[in-house]
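In the numbering used here, the protein residues as written are 26 to 114. Remarks on the structure that follows.
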């Protein structure tokens with residue numbers, strides 16, 4: 026029986042069991058719960074790392090703002106704030 030039948034979709038045995046420190050590079054949006062890897066992994070120092078390869082295979086890149094929101098949620102919240110405050114920020 027293959028290993029892939031025992032793991033959940035979207036999860037990596039490498040990250041779950043062998044290198045749990047790789048989880049610090051996984052971002053989750055606080056509003057919508059979308060998960061992706063940190064843009065920090067695009068830096069040249071991570072070019073040949075196993076962490077980068079595993080995360081890039083599993084999930085898309087996800088940049089978060091200071092409040093922990095993805096770009097789509099931040100844009101939606103800004104639109105909501107502008108319509109409910111009359112454009113005054």
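Think of the CB as a built atom: it goes at the ideal place given N, C-alpha and C, for glycine as much as any other residue.
Coil, strand or helix - residue 53 by DSSP: strand
Assigned secondary structure, residue 91 (DSSP; H/G/I helix, E/B strand, else coil): coil
Rounded Cβ spacing between residue 60 and residue 81 (contact assumed at less than 8 Å): That pair is no contact at about 13 Å.
Touch test, the region 102-111 against the region 63-76, Cβ-Cβ under 8 Å, three pairs minimum: No contact exists between the region 102-111 and the region 63-76.
According to DSSP, residues forming a beta bridge with residue 61: Beta-bridge pairing links residue 61 to 52.
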